[in-house]
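Everything in the sequence shown is counted per our numbering, starting at 37 for the first residue and increasing by one. Cβ atoms here follow ideal geometry from the backbone N, Cα and C, with glycine treated the same way.
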Amino acid sequence: MFLTSIFRAYSRLAVFAVGILLGIQVPSFVEQYNQRIDAHFREVNINISGFQDTADRLFDGDLEALIAYYANSNDAVFESDAGSIRLVVTRYNRLLVERSALDSNAFAVAMHVMFAADQEFYQEAMRQYSYTVPLNSIAIQWGLAVAIFITLILDLTIFIFRKYYGLAKLRKSNVAHN
C-alpha cells in the first residue's frame, strides 16, 4: 500500500514535469512557425509581384483574368505558365490566411498553430524545430498551464475509471447475490 502510494505520487510528479517541458515549448514553436510563415510570405510576395504588376496594368489587378488569359493563349509556353502562376497565387493566398490567423492574441495563435495550422507549413516547422528551454514568463505560464491541464485530465480519467470500475464491480456482486 505504501509503495503504491509513493509510486502514484511520483507518477503524478513525472506527468506534471513532462507537462511543464511540453508546455514551455509552445511559445517557442509558435514563434518559429510564425517566422517560417513570414519567410515564405516574403518569398511568395516577391514571386507574385511581377505577375501582379502585369495584372494591374492589363487586367485591372485581376490575377484570375491574367491566369485565364495565359491558359486560353494559343502559345504552349503561356498555357504552361498559367498553371505555374496559379500555384504561386494559391500559395500566396494560403500564406495570407495563415498570417491573418497569426495576427491575434497569444492563446488564439497557439490554438491555431496546434489545431488548425496549414499542414504543409506545420510539418515543415516540426521537422526544423529546435527544442529550447526558455525561461521567460510566457514559457513558464504555458508550462504550468499544460502541466496542470494534463495532470487534471489524468486525474479525472483515473477517477472516472475507478467510479465506473467500482460500479461494475458492485453490480456484479449484486447480480451474484440475487
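**Asked** Just curious, the alpha helix (DSSP H) that residue 141 is in, first and last residue?
**Response** Here residue 141 belongs to no alpha helix (DSSP H), and DSSP marks it neither H nor E.
**Message:** If you follow the alpha helix (DSSP H) that residue 59 is in, where does it begin and where does it stop?
**Reply:** Membership of residue 59 in the alpha helix (DSSP H) is indicated by the continuous run 38 to 59.
**Message:** Below 8 Å on the Cβ atoms is my contact criterion, and I expect residue 60 with residue 175 to pass it. Report the Cβ-Cβ distance as a whole number of Å.
**Reply:** Between residue 60 and residue 175 a beta carbon distance of about 4 Å is seen, short of the 8 Å cut, so the two are scored as contacting.
**Item:** Beta-carbon proximity check, residue 107 vs residue 97, cutoff 9 Å
**Value:** No, Cβ-Cβ distance for residue 107 and residue 97 is not below 9 Å.
**Asked** Taking the alpha helix (DSSP H) that residue 124 falls in, what are its first and last residues?
**Response** Start and end: 112 to 137.
**Request:** Could you tell me the boundaries of the alpha helix (DSSP H) in which residue 152 lies?
**Result:** Where residue 152 is concerned, there is no enclosing alpha helix (DSSP H), given that its DSSP letter is neither H nor E.
**Asked** Can you round the beta-carbon distance between residue 145 and residue 66 to whole angstroms, since I take them to be within the 8 Å contact cut?
**Response** That pair is a contact at about 6 Å.
**Asked** How would you write the range of the alpha helix (DSSP H) that residue 102 sits in, first residue to last?
**Response** Looking at the DSSP string, the run of the alpha helix (DSSP H) that includes residue 102 is 99 to 107.
**Message:** For residue 186, tell me which candidate among 100, 122 and 51 has the shortest Cα-Cα distance.
**Reply:** Each of 100, 122 and 51 was checked against the Cα of residue 186, and the nearest Cα belongs to 51.
**Asked** Can you check whether the CB of residue 68 is closer than 9 Å to the CB of residue 177?
**Response** No, the Cβ-Cβ distance between residue 177 and residue 68 is not below 9 Å.
**Prompt:** Would the beta-carbon of residue 135 fall within 9 Å of that of residue 73?
**Reply:** Yes, they are a contact pair.
**Request:** For residue 87, count neighbouring Cβ atoms within 10 angstroms of its own Cβ and tell me buried if that reaches 16, exposed if not.
**Result:** Residue 87 comes out buried.
**Message:** I'd like to check one pair, residue 128 with residue 197: are the Cβ atoms closer than 9 Å?
**Reply:** No; because the gap between Cβ atoms is not below 9 Å, this pair is not in contact.
**Item:** Nearest to residue 131 (by Cα), restricted to the options 103, 180, 156 and 41
**Value:** Ranked by Cα distance from residue 131, the first of 103, 180, 156 and 41 is 156.
**Request:** Give the C-beta separation of residue 109 and residue 115 to the nearest angstrom, bearing in mind that I take them to be a contact with Cβ-Cβ under 8 Å.
**Result:** Right, their Cβ atoms sit about 6 Å apart.
**Asked** Taking the C-alpha atoms as reference points, what is the distance between residue 62 and residue 105?
**Response** Each residue's alpha carbon lies about 45 Å from the other.
**Request:** Assign residue 202 to buried or exposed, taking buried as 16 or more other Cβ atoms, counted over all protein chains shown, within 10 Å of its Cβ.
**Result:** So residue 202 ends up on the exposed side.
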